[in-house]
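Undergrad:
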Amino acid sequence: MGEARRRPAARIGVAVLAVATVGAGTAVVVAQNRDWHVDATTSGVPTSTATVVRTDLATTIQVNGTLGYADSSLVANEANGIYTALPAIGAVIGRGQTLYEVDGQPIVLWYGSRPAWRALGPGVTDGPDVSQLKQNLVALGFLHTANAHYDTATYLAVRRWQASVGVPVNGTVGPGDVVYAAGPIRVAGLHAALGDPARPGTLVDATGTEPIVNLSVPVTQQYLAKVGDVVRVTLPDGTTTVAGTITSVSQVATSAGDGQPAPTANPGAGGNGPAAVNVTVRLANPAAVASFNQAPVVVNITDQSVHGVLAVPINALVALAEGGYGVWLLDHGARRLVGVRAGLFSDTLVQVTGVGITAGMTVEVPSS
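So the sequence shown is numbered by the numbering used here: it starts at 109 and just counts up by one.
(1) On the CB-based measure, 16 or more other CB atoms within 10 Å of its CB, does ASN278 come out buried or exposed?
(2) Closest by CA to HIS440, which one among MET469, ALA419, VAL458, ALA265?
(3) Look at PRO319 and PRO394 and say whether their C-beta atoms are less than 7 angstroms apart.
(4) Only counting the same chain, and skipping five residues up and downstream in sequence, which positions put a Cβ closer than 6 angstroms to that of VAL286?
(5) Taking just the CA atoms, how far does VAL246 sit from ILE190?
(6) Since THR157 is in the beta strand (DSSP E), which residue starts that stretch and which ends it?
(7) With DSSP collapsed to three states, give me the class of THR328.
(8) Scan the stretch 381-457 and note each continuous beta strand (DSSP E) run of 3 residues or more that stays entirely inside, going in chain order.
(9) Could you check the C-alpha separation between THR134 and ARG203 for me, to the nearest Å?
(10) Starting from the C-beta of SER156, find all residues in its chain whose C-beta is less than 6 angstroms away, skip the five residues before and the five after it, and write them out in chain order.
(11) List the endpoints of the continuous beta strand (DSSP E) containing TRP269.
(12) For a quick check, are the C-beta atoms of HIS299 and THR315 less than 7 angstroms apart?
(13) In the structure shown, what three-state DSSP assignment does PRO369 receive?
(14) Within 10 angstroms of its Cβ, does VAL341 collect 16 or more other Cβ (buried), or is it exposed?
(15) Can you tell me where the alpha helix (DSSP H) holding LEU217 begins and where it ends?
(16) When the Cα atoms are used, what is the spatial distance from SER221 to VAL420?
(17) Roughly how many angstroms lie between the CA atoms of ALA392 and ARG162, to the nearest whole one?
(18) Decide if ILE197 is buried, meaning its Cβ has at least 16 other Cβ atoms within 10 Å, or exposed.
(19) Report the option in ASP259, ALA166, TYR263 whose CA atom is closest to the CA atom of VAL417.
(20) Could you tell me whether the stretch 456-470 touches the stretch 166-179, where touching means 3 or more Cβ pairs closer than 8 angstroms?
(21) Going by DSSP in three states, LEU302 sits in which element: helix, strand or coil?
(22) If I measure Cβ to Cβ from GLN243 and keep anything under 6 angstroms in the same chain, skipping five residues before and after, which residues do I get?
(23) Following the continuous alpha helix (DSSP H) through VAL339, name the residue where it begins and the one where it ends.
(24) I need the straight-line Cα distance from THR388 to VAL232, nearest angstrom please.
(25) Quick check on the burial criterion: 16 or more other C-beta atoms within 10 angstroms. Buried or exposed for LEU452?
(26) Sort ASP345, THR353, GLY346, ALA333 by Cα distance to GLN412 and report the nearest one.
(27) Would you report the Cα separation of THR328 and ASP211, rounded to the nearest angstrom?
(28) Between the Cα of ALA289 and the Cα atoms of VAL426, ALA193, ASP234, THR317, which residue gives the shortest distance?
(29) Taking the beta carbon of THR262 as the centre, do at least 16 other beta carbons fall within 10 Å, making it buried, or is it exposed?
(30) With H, G and I counted as helix, E and B as strand and the rest as coil, what does DSSP make of ASN244?
(31) In whole angstroms, give me the CA-to-CA distance for ILE354 and ASP164.
(32) Going by other Cβ atoms of all chains shown within 10 Å of its Cβ, with 16 needed for buried, is LEU264 buried or exposed?
(33) Assuming the contact rule is C-beta atoms closer than 8 angstroms, VAL435 and ALA427 should be a hit. Round their C-beta distance to whole Å, please.
(34) Verify whether the separation of the beta carbon atoms of VAL295 and VAL312 is less than 7 angstroms.
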């Protein structure tokens, strides 16, 4: 075949670019503008087309995290006997529900911040623990009002509650008859097995019921994690992502591996790894992670972003021999090379600006 016909060289305005890699994307900064001669030849490479779009672009950093649950706590047993029923790991227990059994008697979960420390029955002195007991009886529908006094109405309400759960009806609630927690708990671990002797001490490792993500962000990138920022969390299947919001950023840096605060003068020295801060993420759709427990996840935190900019596929860029970039614009069969300034690179798109470039135009890209 003969030599391909050559179009006349075109003179266009392009940019000399300084390129810096940032996070997971590449930001391109314009250094200066010059005019360059471009030999606009046909390449013979199979091509397709794409549309210039106006969109938002962002680059992200990826940080490994762990899916877990907030508000860890320990639940103690105060009853003596034999454990005849224990909750399943992962079970969620709410107010009025049986947490476990001792000698066949249910030990029920109630809500409150004060641990049970004395038997509450007729003649007991007034106190905040009495008020806490009565608040639970009100919430469960056995009493109408709550105060700090154990009166006849309280006595009768306790008896009605005892009859409903199948424990001895005597009008008195002992320290081992109920367990108090701040709210619903999720059973994360047990310190006894069925048939073990029940003795006072820790029985259940508990958490709250809301799944969260914990991650350690290197102190050099701490500025990227701000309370209120929205992130994307990739679940262990590698394909499903859910939105989340950063709810806390620790003010104390620790050295990975030892959990101790990093030295102030040189945060990375003296520990077993680079210094990092703990960040907590709350998920927008907790139901999406219901099947996971203590699972590794990847959190995508936005590094740079631009909004409402023109963008083309990255492979639409033509690297010009004298420096800079251009794109081939197609218009009713006409094909012309136009110089562009490249901005933020994000995934498959790149921000572009140039004279005559508008949304909706068609650009040439290599065929996939």
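No residue lacks a Cβ here, since even glycine has one placed at the ideal position from N, Cα and C.
TA: Straight from the coordinates:
(1) exposed
(2) MET469
(3) yes
(4) VAL216, TRP218
(5) 31 angstroms
(6) 155-159
(7) helix
(8) 383-391, 404-421, 433-439, 442-454
(9) Here the model assigns THR134 a pLDDT of 34, short of 50, so the residue's position is not dependable and the matter cannot be decided.
(10) VAL473, SER475
(11) Counting along the chain, TRP269 falls outside any beta strand (DSSP E), though it belongs to the alpha helix (DSSP H) covering 260-273.
(12) no
(13) Because the pLDDT of PRO369 is 40, which lies under 50, any placement of that residue in the model is unreliable, and the number read from its coordinates should be weighed accordingly. PRO369 falls in the strand class under three-state DSSP.
(14) buried
(15) No alpha helix (DSSP H) contains LEU217, which is instead part of the beta strand (DSSP E) from 213-219.
(16) 58 angstroms
(17) 28 angstroms
(18) exposed
(19) ALA166
(20) no
(21) coil
(22) ALA254
(23) That residue, VAL339, is in no alpha helix (DSSP H); its beta strand (DSSP E) goes 338-342.
(24) 44 angstroms
(25) buried
(26) ALA333
(27) 56 angstroms
(28) THR317
(29) buried
(30) helix
(31) 21 angstroms
(32) exposed
(33) Wrong, their Cβ atoms sit about 11 angstroms apart, outside the cutoff.
(34) yes
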